[in-house]
Each structure stands twice: as C-alpha cells, then as structure tokens.
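J.:
Residue numbers (my numbering): 2 to 220.
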C-alpha cells in the first residue's frame, strides 16, 4: 500500500529488475468505482483467475486526544467503516468468481490486534470494523484468514512512536517490550498464502509480541 503512485512505480521497477513479472494499479479503496476497476484489470491480466487476495488498507482518523465513541461524528463513522470494512467486503465479493475459478483461492486480511483485545487508545470504530468470510467461502475451496498486528513501525504509526510516553507505555504493556517491524508481519502473510496450510481457514493470527495475552485496556 503506497500513498503516492510514484512509490508504487519505483517498487515495480525494482521488482522487474530482479526478473519478476509484476504489474501495478492505483486504487482508492474507499471508491466503489475504483474497486471495480481494479478487479476488472486483474481479471484481464490473470485470465479470469485469482489465486490470492491480500487486503491491506486500514485507516483510523487521528484525534487530538483519546476519546470515546460518543465523540465521533457521523462522518467519522462513515469514512472509517467504508475504508476498513465496506471496501474489504466489496473487494472479496468482486474477487470471489476469480478466486473460485482458481480452484484454491486464498484471502488474507491484514486486520488489527484491536479486533482481539480491548485497546483504550481512542479508536473504537476502527477496532470494531474487522470480520471474516471463512465459513461462507469454504465450500468453494477458498481459505480466509487474517493477521492481527499490534503497533508496527509504519507511516500510520510513526507519529505515535515519536511520542516518548507512547513508546514507554508500549514497552510496559507488550511482553516483548517493543513495537514490531513490517518484516515481522510479511512472513506470516506469505505462509497463509502458500499451499501448505490447506486446512487452515477462519483464523486470526496475532502478531503483537504477546500483546494479545497481556492486554492494554487502561480502564
């Protein structure tokens, strides 16, 4: 997921230099038209089949202070649900015929540890918008799993990780005493996309340095 098309183009060039066959598309996942365009392009590129749908697009609206759900506006709710839930649901619908045609489709959602434990950091709507489709799609031999990272060092969390108090609290509440790195999430996603876990579906794998068994709810 890149914020600028130029970032995507740069990565595509690097991958092609390594001999990989790749293509890229710019898609605003909050736009229904863009989602449809993306899947149509994929269908043409892969002859109507898709082996893997990996969905990574999460957004939480930053607020100046920690707040409850009572402080969110209707516009906040609509934007967050559209970006975090509706877009994932719609893309899985659009991709279903392609995944089914492949004979062994896989869907991997990059969710959040907020879907597993109560996290009192002021983002209740973001925490609620995470689900899966494993039971419904199993009959089509499509496996649906999710990874649920905790604080991973990405552009979405960089502001928080610049705050000394946040870093100290993370170290205190996370058994491994640190935030995670993107390279500690991607291997788990890759594993779920392989044929090996062929009997694994409907699972949420937490990647949080023990956070999911320790908790972070400061009541």
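Beta carbons are placed, not taken as given, at the ideal position from N, Cα and C, and that holds for glycine.
#1: Less than 8 angstroms between the CB atoms is what I'm expecting for residue 112 and residue 147, so what's the real figure, rounded?
#2: Can you have a look at residue 56 and say buried or exposed, based on whether 16 or more other CB atoms are within 10 angstroms of its CB?
#3: Going by other Cβ atoms of all chains shown within 10 Å of its Cβ, with 16 needed for buried, is residue 48 buried or exposed?
#4: For residue 20, is the classification buried or exposed, using 16 other Cβ atoms within 10 angstroms of its Cβ as the cut-off for buried?
#5: Straight-line CA distance for residue 11 to residue 71?
#6: Answer yes if the segment 203–211 comes into contact with the segment 184–191, meaning at least three C-beta pairs across the two stretches below 8 angstroms, and no otherwise.
#7: So what does residue 56 bridge to, in DSSP terms?
#8: Let me check one thing: in DSSP terms, what residues is residue 194 bridge-paired to?
#9: Helix, strand or coil: which one does DSSP assign to residue 85?
#10: Can you say whether residue 1 is buried or exposed, counting buried as having 16 or more other CB atoms within 10 angstroms of its CB?
#11: With DSSP as the reference, identify every bridge partner of residue 150, one or two as the case may be.
T.: Inspection of the coordinates gives the following:
#1: In the chain shown, counting from the first residue as 1, residue 112 sits at position 111. In the chain shown, counting from the first residue as 1, residue 147 sits at position 146. That pair is a contact at about 5 angstroms.
#2: The residue labelled residue 56 in the question sits at position 55 within the chain shown. Burial call: buried.
#3: Taking the first residue of the chain shown as 1, we reach residue 48 at position 47. Per the 10 Å Cβ criterion, exposed.
#4: Walking along the chain shown from the start, residue 20 turns up at place 19. So residue 20 counts as exposed.
#5: What you label residue 11 is simply residue 10 of the chain shown in a count that begins at 1. What you label residue 71 is simply residue 70 of the chain shown in a count that begins at 1. Between residue 11 and residue 71, the C-alpha separation is close to 42 angstroms.
#6: yes
#7: On the chain shown, residue 56 is found 55 positions in, with the first residue counted as 1. For residue 56, which the question treats as bridged, DSSP gives the partners 110.
#8: Along the chain shown, read from residue 1 onward, the residue named residue 194 stands at position 193. Paired residues: none, contrary to the question.
#9: Position 84 of the chain shown, counted from the first residue, corresponds to residue 85. Residue 85 falls in the helix class under three-state DSSP.
#10: Look at the range of the chain in this structure, 2 to 220, and you will see that residue 1 is not part of it.
#11: As a position in the chain shown, residue 150 is number 149, starting the count at 1. According to DSSP, which records beta bridges pairwise, residue 150 is partnered with 208.
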